[in-house]
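Numbering (our numbering), first residue to last: 7 to 161.
Notes follow once the structure below has been shown.
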Amino acid sequence: LTTLKGLPLSYNRDLQEDKEPLFDALDQVGLGCRALAGLVTTLVFDTEAMRRAADVPTLAAVDLAEWLVERKVPFRTAHGIVGGLVRDALDSGAPLADLVRASPELGPEAAELLEPGVASTRRRSAGGAGRSAVDAQLERFARQLELVSGRLDGR
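Structure below.
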């Protein structure tokens with residue numbers, strides 16, 4: 007009783023007032039979860055448009071620079087070479103692959119990096135876009151989902 011009599015005069019968050027923000031937050035989170043559930047159940051992906059967007063040759067410019075670095079070219083130099091080729095391709099409208107094939111520093115072997123789907127397969131590290139990395143992420147997510155579902159079912 008001694009503790010309760012001092013609450014309204016000092017902290018001014020008596021045993022009821024501190025609950026209202028919590029309940030409001032729970033209501034807001036509930037609304038957000040319902041909206042998100044509606045979004046997820048009606049979500050449609052245009053996978054063909056995604057594939058086309060992912061295979062734009064200029065997106066593989068980093069792969070071209072990395073290819074040069076793997077061949078002991080300093081990154082600054084590699085960046086300059088690839089940046090110049092991308093600029094030339096954009097300015098002239100010529101396909102980047104043609105410019106890469108004709109480049110003395112790169113050539114036909116490097117031009118293969120610009121083929122559709124090749125760039126993403128090179129991203130094999132954790133969190134990368136390569137198939138093996140994506141499969142590992144999906145496995146990990148499935149295990150986590152199973153664990154959380156088990157905890158919720160046990161309630």
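Built from N, CA and C at the ideal position, the CB exists for glycine as well.
A quick note: this is a predicted structure, and the numbers were derived from the prediction, not measured.
Contact between the segment 142 to 157 and the segment 103 to 118 is absent: fewer than three C-beta pairs spanning the two stretches fall below 8 Å. Here residue 101 is exposed: its Cβ has fewer than 16 other Cβ atoms, across all protein chains shown, within 10 Å. Look at residue 78 here: in three-state DSSP terms it is coil, with no helix or strand label. When rounded, the separation of the alpha-carbon atoms in residue 33 and residue 160 is 24 Å.
Contact between the segment 63 to 79 and the segment 116 to 135 is present, with at least three C-beta pairs closer than 8 Å. Taking a contact as a CB-CB distance under 8 Å, the pair residue 28 and residue 70 does not count as one, their CB atoms being some 54 Å apart. Comparing alpha carbon positions, the residue from 35, 135, 144 closest to residue 66 is 135.
The straight-line gap separating the alpha-carbon atoms of residue 124 and residue 83 is approximately 23 Å.
By the CB criterion at 7 Å, residue 88 and residue 64 fall outside the cutoff. Around the Cβ of residue 120, a 10 Å sphere holds 16 or more other Cβ atoms; the residue is buried. Annotated as proximal: residue 139 and residue 130, with beta-carbon spacing under 7 Å. In this structure residue 60 is not in contact with residue 155, their Cβ atoms being roughly 32 Å apart against a cut-off of 8 Å. Collapsing the DSSP output to three states places residue 89 in a helix. Per the coordinates, the alpha-carbon of residue 53 lies some 48 Å from the alpha-carbon of residue 24.
Per DSSP, the continuous alpha helix (DSSP H) segment holding residue 114 begins and ends at 114 to 117.
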